[in-house]
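Enquirer: Sending over a structure as structure tokens; questions will come in a sec.
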Amino acid sequence: MSPFLDRVRTSAEFVRSRAKHVSVCPSAVTELASRMRSTLETTDISVHKIWNDCPLNPVWGESRAGIESVEDICFWIFCIDCINFSFWHNEGEERWTIWYKDKQYTGYFALCAAFNQAVENGSKDILSTTFLKCVSEPQLKFLLMPQNSQGVIPLLSERVLCLREAGRVLEEYFGGSVFRLVLECDGSLENLVQKVVEYFPSFRDEAIYQKQKVFFYKRAQIFAADIFACLGQSALSFKDPDCLTMFADYRVPQILYKWGVLKYSNTLVSQLLQQLEIEQEQEVEIRACSIAAVEMIRNEIQQSNPELFVTSQLIDYLLWNEAMTVKSCGQLDNIPFHRVRTIFY
Numbered sequence: 021m022s023p024f025l026d027r028v029r030t031s032a033e034f035v036r037s038r039a040k041h042v043s044v045c046p047s048a049v050t051e052l053a054s055r056m057r058s059t060l061e062t063t064d065i066s067v068h069k070i071w072n073d074c075p076l077n078p079v080w081g082e083s084r085a086g087i088e089s090v091e092d093i094c095f096w097i098f099c100i101d102c103i104n105f106s107f108w109h110n111e112g113e114e115r116w117t118i119w120y121k122d123k124q125y126t127g128y129f130a131l132c133a134a135f136n137q138a139v140e141n142g143s144k145d146i147l148s149t150t151f152l153k154c155v156s157e158p159q160l161k162f163l164l165m166p167q168n169s170q171g172v173i174p175l176l177s178e179r180v181l182c183l184r185e186a187g188r189v190l191e192e193y194f195g196g197s198v199f200r201l202v203l204e205c206d207g208s209l210e211n212l213v214q215k216v217v218e219y220f221p222s223f224r225d226e227a228i229y230q231k232q233k234v235f236f237y238k239r240a241q242i243f244a245a246d247i248f249a250c251l252g253q254s255a256l257s258f259k260d261p262d263c264l265t266m267f268a269d270y271r272v273p274q275i276l277y278k279w280g281v282l283k284y285s286n287t288l289v290s291q292l293l294q295q296l297e298i299e300q301e302q303e304v305e306i307r308a309c310s311i312a313a314v315e316m317i318r319n320e321i322q323q324s325n326p327e328l329f330v331t332s333q334l335i336d337y338l339l340w341n342e343a344m345t346v347k348s349c350g351q352l353d354n355i356p357f358h359r360v361r362t363i364f365y
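Numbering (our numbering), first residue to last: 21 to 365.
This is how it looks when you write it as structure tokens:
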């Protein structure tokens, strides 16, 4: 494990052991770990395959949406993860939706589709610090909500600020190159997460719980994870693919709750079902217990089959994809999730 990211695991366990509103069910962890182990033993699934199988993602060696070079791929991933947060919509609101290549996309996938559509339409300059550091709200609105879109993306002005920060920092410290940022981390995903957190304040996903600092770094970790998934078997090599934790958002906790891995107090369930604002303590417990639960799942899989190489990143990808599949069938409609407007997830 890695010293920098150990703080994420350690603080998650600190919260889990003291949580008042959320708990992790050991028997459900064992059951889910067994099912996942069976899947991993009988398929060739990997984070690289999951990445490549998504038609919206750039792939090294291919030309998807005109994005081919390592520099452009890294820049695309960084732009996406700079504003990869808060896609949920309130009841009664029209969901933000993008039409791209005769298909409808929402949420994170709509974000990817919007960037791809802009590049294909001749706006490849969006993958540059020249664009990012000066992007205006009308410009980003036009990019993310073109004429073929529906609804409104939440936190538009906050996304503008995140992209401007990215452009300024990249230009000042990394010569305007995300690829250079990645190379300076010496083949370590941990170093990449640490450098992103150090240089880009909008990635500093931390909280206070019972007077102790708790660390999540969701977007910084998912940026490193996406770089590894896309380029880790081709253009780049990384020595610590097992250093990352799961990426504490609002969808993975929801699927963990559906499967009984996470247990919520009656009060918290009532608040979530009524879509009421929850306290920071409750939010931290949901996210931290999700991290702890995935670590428990990973440990059980590894102990039951030491020959399997399983990472928290892979478990997160599988859980998130399952959540998207279940959600598309309407099976998450009555499953509570925490609605917190934030730039961190």
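Using N, Cα and C, we set each Cβ at its ideal position, and we do this for glycine too. The model shown is predicted, which means the values in this text are computed figures rather than measured ones.
In chain order, what residues of the same chain lie with their CB nearer than 8 angstroms to the CB of K233, ignoring the 5 residues before and after it?
Expert: So the list reads S31, E226, A227, once near-sequence residues are dropped.
Enquirer: Rank W279, V28, L256 by C-alpha distance to the C-alpha of V202 and give the top, closest one.
Expert: Here the closest residue by C-alpha is L256.
Enquirer: S348 lies in the alpha helix (DSSP H); which residues open and close that run?
Expert: Where S348 is concerned, the enclosing alpha helix (DSSP H) stretches over 332-348.
Enquirer: How would you call F248, buried or exposed, if buried means at least 16 neighbouring beta carbons within 10 angstroms?
Expert: Result: buried.
Enquirer: Out of G207, L60, F236, Y337, state which residue places its alpha-carbon closest to the alpha-carbon of R29.
Expert: Ranking G207, L60, F236, Y337 by Cα distance to R29 puts F236 first.
Enquirer: Throw me the rounded Cβ distance for the S310 and V272 pair, which I believe falls under 8 angstroms.
Expert: That belief holds up - the Cβ atoms of S310 and V272 are roughly 6 angstroms apart, short of 8 angstroms.
Enquirer: Have a look at G207 and V49 and give me their C-alpha separation to the nearest angstrom.
Expert: Spanning the two alpha carbons is a distance of roughly 32 angstroms.
Enquirer: Comparing C-alpha positions only, which one of R318, E157, F98, V189 sits nearest to Y337?
Expert: Considering only alpha carbons, the answer is R318.
Enquirer: Straight-line CA distance for R197 to R38?
Expert: For the sequence presented, residue 197 should be read as Ser rather than Arg. Rounded to whole angstroms, S197 to R38 spans 43 angstroms at the Cα level.
Enquirer: Cβ of C102 within 8 angstroms of Cβ of F135?
Expert: For C102 and F135, no; Cβs fall outside 8 angstroms.
Enquirer: Let me know if N72 comes out buried or exposed under the rule of 16 or more other beta-carbons within 10 Å of its beta-carbon.
Expert: Per the 10 Å Cβ criterion, buried.
Enquirer: Take every Cβ of the stretch 134-150, pair it with every Cβ of the stretch 77-92, and state whether three or more of those distances are shorter than 8 angstroms.
Expert: Yes, since at least three Cβ pairs between the stretch 134-150 and the stretch 77-92 fall closer than 8 angstroms, the two stretches touch.
Enquirer: My assumption, with CB atoms under 8 angstroms, is that V90 sits in contact with L282. Please give the rounded CB distance.
Expert: At roughly 38 angstroms, the Cβ-Cβ gap does not stay under 8 angstroms, so V90 and L282 are not in contact.
Enquirer: In three-state terms, what does DSSP make of E403?
Expert: Only positions 21 to 365 of the chain appear in this structure, which leaves residue 403 out of reach.
Enquirer: Quick check on T63: does DSSP put it in helix, strand or coil?
Expert: If DSSP states are grouped into helix, strand and coil, T63 belongs with coil.
Enquirer: Given this structure, state the Cα-to-Cα distance separating L292 from E301, to the nearest angstrom.
Expert: Roughly 14 angstroms separates the two Cα atoms.
Enquirer: Does the Cβ-Cβ distance between L176 and K161 come in under 8 angstroms?
Expert: The answer is yes: Cβ separation under 8 angstroms.
Enquirer: Nearest chain D C-beta to S348 closer than 8 angstroms, yes or no?
Expert: Absence of chain D from the displayed structure is noted, only one protein chain being present.
Enquirer: In terms of alpha-carbon separation, which member of F194, I118, A53, V180 lies closest to C94?
Expert: Considering only alpha carbons, the answer is F194.
Enquirer: On the DSSP letters alone, give me the boundaries of the beta strand (DSSP E) that K238 sits inside.
Expert: Premise fails: K238 lies in the alpha helix (DSSP H), 238-251, not in any beta strand (DSSP E).
Enquirer: State the Cα-Cα distance for the pair M344 and Q333, rounded to the nearest angstrom.
Expert: Straight-line Cα distance between these residues: approximately 16 angstroms.
Enquirer: Inspect the beta-carbon positions of F364 and K238 and report whether they are closer than 8 angstroms.
Expert: It is a contact, given that the beta carbons lie within the stated cut-off.
Enquirer: Going by alpha carbons, who is nearest to R57 out of E327, W119, C182?
Expert: If we check each option's Cα against that of R57, E327 comes out closest.
Enquirer: What are the boundary residues of the alpha helix (DSSP H) that includes A130?
Expert: First-last of the alpha helix (DSSP H) with A130: 127-140.
Enquirer: Candidates E299, L352, A186: which alpha carbon is nearest E218's?
Expert: Checking every option, the nearest Cα to that of E218 belongs to A186.
Enquirer: From what residue to what residue does the beta strand (DSSP E) around S148 run?
Expert: Neither: S148 is in no beta strand (DSSP E) and is coded neither H nor E.
Enquirer: Can you grab the Cα-Cα spacing for the pair P356 / Y229, in whole Å?
Expert: Their Cα atoms are separated by approximately 23 angstroms.
Enquirer: Would DSSP call S169 helix, strand or coil?
Expert: It is a strand residue.
Enquirer: With C-beta atoms as the reference, is V189 less than 8 angstroms away from F220?
Expert: Yes, these two residues count as a Cβ contact at 8 angstroms.
Enquirer: Any idea if T62 is buried or exposed, counting beta-carbon neighbours within 10 angstroms, 16 or more meaning buried?
Expert: T62 should be labelled exposed.
Enquirer: Under 7 angstroms Cβ to Cβ from A244, same chain only, skipping five residues before and after it: list those, please.
Expert: Excluding sequence neighbours, A244 sits near L209, L212, V213, L264.
Enquirer: Cβ atoms of D92 and L25: under 8 angstroms apart, would you say?
Expert: No, these two residues do not count as a Cβ contact at 8 angstroms.
Enquirer: Could you tell me the alpha carbon to alpha carbon distance between F267 and Q241, rounded to whole angstroms?
Expert: Those two C-alpha atoms are separated by around 7 angstroms.
Enquirer: Let me know the secondary structure DSSP gives W119 once reduced to three states.
Expert: In the structure shown, W119 sits in a strand (DSSP, three-state: E or B).
Enquirer: In this structure, what does DSSP give as the bridge partners for V234?
Expert: Beta-bridge pairing links V234 to A227.
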